[in-house]
Every structure is written in C-alpha cells, then in structure tokens.
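Read through the structure below, which is laid out as structure tokens, and then see the notes.
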Amino acid sequence: MDVIFWIATNIFGQAAILLGAIVLLGLLLQKKSASQVISGTFKAIIGFLIISAGSSVIVGALTVFEPLWKEVFNLSAEPLKDFMGQEKFNAKFGSAVTLAMTLGFIINVILARFTKLKFIYLTGHMMFWTTTIFAGIVVQAAGDVSFGKLVIFLAIFMGLYWTIQPALTQPIMRKIMGNDNIALGHTSASVSLLAALAGKFLGNKENDSEKIKLPKGLEFLRDSNVITALTMGLLFLVGAIIISFKNTPGAQELVAAAGDQNFIVYAIIQSFTFAAGIAVVLLGVRMFIGEMVPAFKGIATKIVPGARPALDSPVVFPFAPNAVILGFLGSFAGALIWLVVLGNTVSYIFVPTMIVLFFHSATAGVFGNATGGVRGAILGGFITSTVVAWGQFIMVKMLLPNTVPDTAMWAADSDMFILGPIVKFLAQLLF
C-alpha cells in the first residue's frame with residue numbers, strides 16, 4: 001500500500017513527472033539515442049512546466065478579477081454548515097482515492113490496448129480532483145462505505161470515463177487540430193461537445209473567429225496577445241472604476257491590495273498580466289506537444305498500438321486563440337446573468353470560479369468555433385457558465401453537502417457536474 005501511495009503521489013500526482021515518464025518510455029521504445037532521449041524528455045517536462053507557470057500567472061490575475069466583480073455585484077460566499085471538508089475527507093478517504101486513481105489509470109491502459117478506444121488519459125491533476133469529487137458523492141449517498149467497495153467502484157468508473165471521454169470529443173478534435181495525433185483529456189469535454197452541437201445548429205461555420213476581417217487601421221487586433229489584453233483590460237477597467245466609487249469594506253480591501261499604486265492602474269496591469277499568462281501557456285503548449293507527439297508513437301506502436309495521448313485543454317488554444325477569448329466573454333456574460341437568476345430564484349449565491357470558467361469556456365469556444373464560427377464560440381462560453389452555475393448549486397446543495405462542498409465550489413467543474421447525478425444513482429443502487 002505504501003508503494004502504491006508513493007507512486008500515486010509522486011508520479012500520477014505530479015503531471016510533469018508523469019508526462020515526462022511517458023515521453024521517456026516512448027523514446028526508449030523507439031531506441032532513440034541517449035542525446036535524443038535526454039533532450040526530448042527534458043524539453044517535454046520544461047514545456048509542461050511552462051504551461052503550468054503560465055497557468056499560475058493567469059490564476060494570479062483571476063484571483064484579482066473574481067473578487068473585483070463579486071464586490072461590484074455585492075455578492076458574498078455561500079455559507080456552508082456541518083461538512084467534513086477536504087482535510088478531514090483526505091484523512092479518512094484519501095488513500096482510497098489515490099488507489100482508485102492508480103487502478104483506474106491501469107484500466108484505461110488495458111481498455112486502450114484491447115478495445116477500439118485507443119486513448120490514454122494523461123491529465124494527472126484532473127484525474128485526482130475528479131476522483132476526489134466523485135468519492136465525496138459516493139460517501140454522501142452511501143454513508144460509511146467500505147474501503148474496498150469505494151476503491152473498486154471509483155477505479156472502474158474512472159477507468160471507463162478516462163477511456164470514453166477522449167473518444168467522444170475526438171471527431172471535433174480532428175477538425176480543430178487538422179490531424180488525429182492527440183486527443184482531449186479534460187473535464188471540459190461535456191461543455192465542449194455541447195458547444196460544438198450548438199455551433200452546428202445555431203452558428204455559422206464560415207464566419208470563423210480566426211478569419212475575422214478588420215479595417216486596415218484595426219489589423220493589430222489580429223494579434224491574439226493584443227486582443228486578449230484589450231478584452232481583459234476593458235473588463236478590469238470597468239470593474240476598477242466602479243470599485244473606486246464604492247466605500248464598502250470589500251472595496252476598501254481591494255483598493256488596499258494595490259498598495260501605493262493607483263487601483264485603476266493596478267487593475268489594468270492585472271489585465272496585461274493575464275494576457276502574458278496566456279502567451280506563456282501557448283509557448284509551453286507548442287514546446288510540449290513538439291516532444292510529446294513524436295515520443296508517444298513509441299508507446300502506440302509497442303504497448304498500445306494506435307493509441308493517442310489525451311491531454312489538458314490548453315492544447316487546443318493555439319489553433320483558435322480568438323475563439324478562446326470569445327468563449328470566455330460568453331461565459332463571463334452568462335455568469336453575470338446566472339448570479340442574478342440563482343440569487344433570486346433558489347437563494348443560492350453562485351460565486352463563479354473564474355479559473356474554471358476560463359479554461360472550460362475557452363475550450364468550449366474553440367469547439368464551438370470549429371462547427372459554428374464566432375457565434376458557436378460565444379454560445380460555447382454561455383453554455384459553460386450555465387452548466388457551471390447550475391451544476392455548482394446542485395452539487396453543493398444536493399450531491400455532497402456533508403462531505404466536500406467546499407472543494408466542489410472551486411475544484412468541481414463541467415464533466416463532474418454532468419456525471420455527478422449518475423455517480424449518486426449508481427452509489428445508491430450498488431451500496
């Protein structure tokens with residue numbers, strides 16, 4: 001058990017190491033030279049860590065963006081009562097979660113080897129959080145479930161999910177990537193598929209977001225870095241101006257965070273920081289994919305013939321950077337609407353997790369654009385905010401109110417919200 005726990009924590013729990021090990025194995029199986037093996041492995045790990053670094057920059061900017069708009073709308077976090085919380089839950093069920101995650105990955109590899117679903121899920125951090133959230137639902141539904149039953153149920157369910165999810169999104173991934181080399185392995189799959197469907201029936205494929213014609217004087221808007229900075233700059237600026245005229249404790253706290261710097265200037269810098277984070281992520285994706293895809297051929301041909309790696313959502317961002325921003329704008333607008341609707345209908349204060357909204361709506365935006373152009377990208381974002389808003393309410397209030405509702409408010413996302421009721425039903429049926 002200690003060995004399995006160590007492997008789960010230090011290999012599967014560290015995405016850069018897991019993916020580096022996959023690249024290393026793939027290159028060794030192809031009998032590459034020592035120089036190529038070292039170079040490819042290191043560059044893959046560095047590329048992935050660049051993605052992580054860029055994501056951290058994005059998260060840092062969003063941690064200013066989220067409370068800024070929460071204060072604009074006078075929102076407060078939903079109070080939670082009588083629940084275990086992540087720390088206590090991990091102490092009691094953490095080993096079951098890590099063991100289930102490890103066995104689930106093995107099931108994924110076996111299914112990829114012996115079925116037509118040739119996809120290996122490699123988004124390590126999402127593997128952990130998805131298993132954790134589903135464990136919380138099972139414990140909530142079944143009570144004091146035994147260690148063995150919990151592990152077996154989660155391992156089978158996760159192994160199936162990690163195998164089937166990339167297969168469902170692959171037809172659209174082919175359109176986006178222009179080839180069949182990699183797959184999407186991310187919990188934004190559900191909203192991405194819904195975005196592609198909405199784009200097909202309600203969008204206009206010919207009006208591709210990446211082919212938007214602009215007047216000559218506005219050609220600078222073709223640069224994704226510029227349009228990202230402009231879009232986020234406008235949102236930060238409007239929010240900062242409103243906050244500057246408020247005298248509430250929350251507004252004062254936000255202004256104080258800027259220190260001696262003018263708060264509006266501080267907010268504008270955060271928008272540029274966000275744009276810089278996006279640029280870093282795209283750089284890391286290009287570097288990482290450049291090493292991952294060739295190396296994976298070794299695994300595909302030797303261990304799992306024909307298999308493709310299912311990777312994190314930023315792999316699609318470079319193929320439609322304008323759609324990334326359009327998707328986020330659609331989700332931001334939707335989040336504002338659902339803030340008001342949920343608060344006035346079910347008395348639930350939905351505090352949108354901008355990190356989830358961005359990465360999921362950005363992916364949905366790319367999928368929506370692939371089938372429905374600009375309109376599809378925006379619809380993809382709105383669909384994302386709808387699933388996340390109502391999904392959070394249902395998850396926190398009905399699916400795991402006594403286990404890890406605190407974690408569900410920031411770590412649960414699209415696929416978990418969609419599959420959560422199914423997990424509860426199966427848990428009640430089987431335990």
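When the letters of the sequence shown are read in order and numbered with UniProt numbering, they come out as residues 1 to 431. Just so it is clear, CB atoms sit at the ideal spot from N, CA and C, and this is done for glycine as well.
Determine the DSSP secondary structure at residue i, reduced to helix, strand or coil.
{"i": "Ile-212", "result": "coil"}
{"i": "Ile-303", "result": "coil"}
{"i": "Ala-323", "result": "helix"}
{"i": "Ala-310", "result": "strand"}
{"i": "Phe-119", "result": "strand"}
{"i": "Ala-411", "result": "coil"}
{"i": "Ala-183", "result": "strand"}
{"i": "Val-59", "result": "helix"}
{"i": "Ser-331", "result": "helix"}
{"i": "Leu-400", "result": "coil"}
{"i": "Asp-406", "result": "helix"}
{"i": "Ser-146", "result": "coil"}
{"i": "Leu-80", "result": "coil"}
{"i": "Tyr-161", "result": "helix"}
{"i": "Asn-247", "result": "coil"}
{"i": "Gly-203", "result": "coil"}
{"i": "Ser-188", "result": "coil"}
{"i": "Asp-223", "result": "coil"}
{"i": "Phe-431", "result": "coil"}
{"i": "Tyr-348", "result": "coil"}
Are residue i and residue j closer than 8 Å when you measure CB to CB?
{"i": "Thr-371", "j": "Gly-159", "result": "no"}
{"i": "Asp-406", "j": "Phe-42", "result": "no"}
{"i": "Leu-19", "j": "Leu-122", "result": "yes"}
{"i": "Leu-29", "j": "Gly-298", "result": "yes"}
{"i": "Ala-167", "j": "Leu-230", "result": "no"}
{"i": "Gly-391", "j": "Gly-380", "result": "no"}
{"i": "Val-57", "j": "Gly-284", "result": "no"}
{"i": "Phe-134", "j": "Val-404", "result": "no"}
{"i": "Val-109", "j": "Ala-295", "result": "no"}
{"i": "Ser-313", "j": "Leu-357", "result": "no"}
{"i": "Ala-279", "j": "Ala-240", "result": "no"}
{"i": "Phe-288", "j": "Gly-47", "result": "yes"}
{"i": "Val-374", "j": "Leu-326", "result": "yes"}
{"i": "Gly-104", "j": "Leu-154", "result": "yes"}
{"i": "Ala-112", "j": "Val-304", "result": "yes"}
{"i": "Ala-389", "j": "Phe-350", "result": "yes"}
{"i": "Leu-311", "j": "Gly-185", "result": "yes"}
{"i": "Pro-401", "j": "Ile-120", "result": "no"}
{"i": "Val-191", "j": "Val-387", "result": "yes"}
{"i": "Ile-355", "j": "Val-59", "result": "yes"}
What do you reckon, is the C-beta of residue i under 7 Å from a heavy atom of the ligand ADP?
{"i": "Met-232", "result": "With respect to the ligand ADP, the structure offers nothing, as it holds no ligand at all."}
According to the neighbour-count rule (16 or more other Cβ atoms, all chains shown, within 10 Å of its Cβ), is residue i buried or exposed?
{"i": "Lys-424", "result": "buried"}
{"i": "Asn-344", "result": "exposed"}
{"i": "Val-226", "result": "exposed"}
{"i": "Asp-144", "result": "exposed"}
{"i": "Asn-322", "result": "buried"}
{"i": "Ala-300", "result": "buried"}
{"i": "Thr-187", "result": "buried"}
{"i": "Thr-131", "result": "buried"}
{"i": "Glu-253", "result": "exposed"}
{"i": "Thr-163", "result": "buried"}
{"i": "Trp-6", "result": "exposed"}
{"i": "Met-70", "result": "Before going on, a small fix: residue 70 reads as Lys here, not Met. Looking at its Cβ environment, which holds 16 or more other Cβ atoms inside 10 Å, Lys-70 is buried."}
{"i": "Phe-114", "result": "exposed"}
{"i": "Pro-249", "result": "exposed"}
{"i": "Thr-353", "result": "buried"}
{"i": "Leu-197", "result": "buried"}
{"i": "Leu-235", "result": "buried"}
{"i": "Gly-259", "result": "exposed"}
{"i": "Ser-55", "result": "buried"}
{"i": "Asn-2", "result": "Reading the sequence as shown, one finds Asp at residue 2 and not Asn. Asp-2 is exposed by the Cβ-count criterion."}
Which whole-angstrom value describes the C-beta separation of residue i and residue j, a residue pair presumed to lie in contact below a C-beta threshold of 8 Å?
{"i": "Phe-65", "j": "Gln-270", "result": "7 Å"}
{"i": "Phe-393", "j": "Tyr-348", "result": "5 Å"}
{"i": "Ser-361", "j": "Phe-328", "result": "5 Å"}
{"i": "Ala-189", "j": "Ala-427", "result": "In fact, because the Cβ distance is near 22 Å, the residues do not count as touching under 8 Å."}
{"i": "Phe-274", "j": "Ala-61", "result": "4 Å"}
{"i": "Gly-178", "j": "Gly-376", "result": "Contact flag wrong, Cβ pair sits at about 18 Å."}
{"i": "Met-243", "j": "Phe-272", "result": "Rather than Met, the amino acid found at residue 243 in this sequence is Ile. About 18 Å; that fails the 8 Å criterion."}
For residue i, which of the options has the nearest alpha-carbon?
{"i": "Val-366", "options": "Gly-259, Phe-274, Ser-209, Val-304", "result": "Ser-209"}
{"i": "Met-409", "options": "Pro-305, Ile-418, Lys-397", "result": "Lys-397"}
{"i": "Leu-49", "options": "Lys-70, Val-138, Glu-71, Ile-17", "result": "Ile-17"}
{"i": "Leu-399", "options": "Met-354, Lys-302, Phe-417, Leu-194", "result": "Phe-417"}
{"i": "Tyr-161", "options": "Gln-428, Leu-429, Gly-420, Ser-35", "result": "Gly-420"}
{"i": "Leu-27", "options": "Lys-302, Asp-223, Val-324, Pro-215", "result": "Lys-302"}
{"i": "Gln-140", "options": "Met-395, Glu-206, Val-293", "result": "Met-395"}
{"i": "Thr-63", "options": "Ile-242, Ala-257, Thr-169", "result": "Ala-257"}
{"i": "Ser-39", "options": "Ala-53, Ile-422, Met-292", "result": "Met-292"}
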